[in-house]
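A short write-up of the structure that comes next.
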Amino acid sequence: METVRSCGCKGIRSCLLCETEHKIVKPNLKTHFEKCSSYVYCPNCDKSWPGWDADLYKNHPYHQGTAIEFPGVYIKLDFLNPWEINSLKNALEKIPWEVSQSGRRKQNFGPKCNFKKRKLQLGSFDGFPKSTQFVQQKFCQVPMLNNFQTVEQCTLEYDPLRGASIDPHIDDCWIWGERIVTVNVMGNSVLTMSPYHGPDTKYNLESVAEYSTILEGFEFDTNDKNESNKDIVVRLPMPEGSLMILYDSARYKWEHCVLREDITSKRICLAYRELTPPYLCTSTNNEIVKELLKRASVFQ
Numbered sequence: 014m015e016t017v018r019s020c021g022c023k024g025i026r027s028c029l030l031c032e033t034e035h036k037i038v039k040p041n042l043k044t045h046f047e048k049c050s051s052y053v054y055c056p057n058c059d060k061s062w063p064g065w066d067a068d069l070y071k072n073h074p075y076h077q078g079t080a081i082e083f084p085g086v087y088i089k090l091d092f093l094n095p096w097e098i099n100s101l102k103n104a105l106e107k108i109p110w111e112v113s114q115s116g117r118r119k120q121n122f123g124p125k126c127n128f129k130k131r132k133l134q135l136g137s138f139d140g141f142p143k144s145t146q147f148v149q150q151k152f153c154q155v156p157m158l159n160n161f162q163t164v165e166q167c168t169l170e171y172d173p174l175r176g177a178s179i180d181p182h183i184d185d186c187w188i189w190g191e192r193i194v195t196v197n198v199m200g201n202s203v204l205t206m207s208p209y210h211g212p213d214t215k216y217n218l219e220s221v222a223e224y225s226t227i228l229e230g231f232e233f234d235t236n237d238k239n240e241s242n243k244d245i246v247v248r249l250p251m252p253e254g255s256l257m258i259l260y261d262s263a264r265y266k267w268e269h270c271v272l273r274e275d276i277t278s279k280r281i282c283l284a285y286r287e288l289t290p291p292y293l294c295t296s297t298n299n300e301i302v303k304e305l306l307k308r309a310s311v312f313q
């Protein structure tokens, strides 16, 4: 739908406001996913157990059914303590918000990227908010984030009154690196994972084969099309204060989304991105990378 919408939605993206105003019918992803075999990932035992309700992980160690492996996800519960959560809530509300699509608002700190044309511009990016610096400093407590160099920090607010959500997708693979990091600041929610079966040209997935991993013990297998997982969804709990990292097959072979039905209260999260090894190392990018990393080291 090309109609200009004041809510911020464009194209196929929609929220409750524009769906009501413009009589847009949005496919119900939850209904579709509930027809599949669903599993809930447990951060305590690193296995996924049959079920839909993400709170099933709280049953640990008394799970029921037969578990499956779901490699490529790391969740640290209580990454933020209550004082840190409250501090972030107050600090983020003092930063101007921009309208975004699908019932969300955002605060974006990082370069401007054109994923289709593979172009990056530094634009007005001149560093991150000082009030959020402690979050990045805490990354050193997580071995999986060793040498993680943040080049983008994006705050996202999900409003249940607007039917906020985000459709299934894989974060771009030309520019954004191997670890996709999310810190859930406010509100409990769920990330729903579904196997991707599309072409490697989408999401710039063909770029993955161009470089070797910086994660020890990790191997790429871009030929695996997940046919055995065709009718499976995996639900990843995102409780308030938790940190989540997607990498390996969860990063490249599964799409992730946030269902409207899983936003039952206002949710605020911080998303962090690093650069791919090729972009960091390509000589033609040397100057822009140097300047980007310089600006990304500033907190003000």
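Position one of the sequence shown corresponds to residue 14 (our numbering), numbered consecutively onward.
Cβ coordinates follow ideal geometry from the N, Cα and C atoms, glycine included.
For LYS102, same chain residues with a beta-carbon under 8 Å away, outside a window of 5 residues either side, are VAL198, MET199 and ILE281 in chain order.
Between PRO250 and ASP68, the gap from beta carbon to beta carbon is short of 9 Å. When only Cα atoms are considered, ARG118 and ILE301 end up about 29 Å apart. With a cut-off of 8 Å on Cβ pairs, the stretch 78–85 is not in contact with the stretch 136–143, counting fewer than three such pairs.
In this chain, HIS210 is not harboured by any beta strand (DSSP E), its DSSP state being neither H nor E. Its Cα nearest to that of SER220, the residue PRO291 stands out among PRO291, LYS43, GLU32 and VAL53.
The continuous stretches of beta strand (DSSP E) do not include ASP59, and DSSP gives it neither H nor E. Taking C-beta atoms as the reference points, ARG18 and HIS45 fail to come closer than 9 Å. Sequence-distant partners of ASN121 (beyond 5 residues in either direction) whose C-beta falls short of 6 Å from its own C-beta, in its chain, are CYS167.
In this structure, the beta-carbon distance from ARG273 to VAL164 does not fall below 9 Å. Here ALA222 is exposed, its C-beta having fewer than 16 other C-beta atoms within 10 Å. Boundaries for THR145: no beta strand (DSSP E) harbours it, and the DSSP string shows neither H nor E there.
Taking ASN217 as the centre and dropping the five residues before and after it, the same chain places the C-beta of ASP185, CYS186 and TRP187 closer than 6 Å to its C-beta, in chain order.
For the alpha helix (DSSP H) assignment, the uninterrupted runs of no fewer than 4 residues enclosed by the stretch 237–309 are, from N- to C-terminal side, 261–265, 290–294 and 299–308. The shortest CA-to-CA distance from TYR265 to any of GLU191, PHE152 and SER27 is the one to GLU191.
Counting C-beta atoms within 10 angstroms of its own C-beta, HIS73 has fewer than 16 neighbours from the protein chains shown and is therefore classed as exposed.
About 34 Å separates the beta carbons of CYS58 and GLY116, which is beyond the 8 Å limit, so they are not a contact pair. Along the length of the stretch 82–161, whole beta strand (DSSP E) runs at least 3 residues long occupy 86–89, 117–122, 125–127 and 132–134, reported in chain order.
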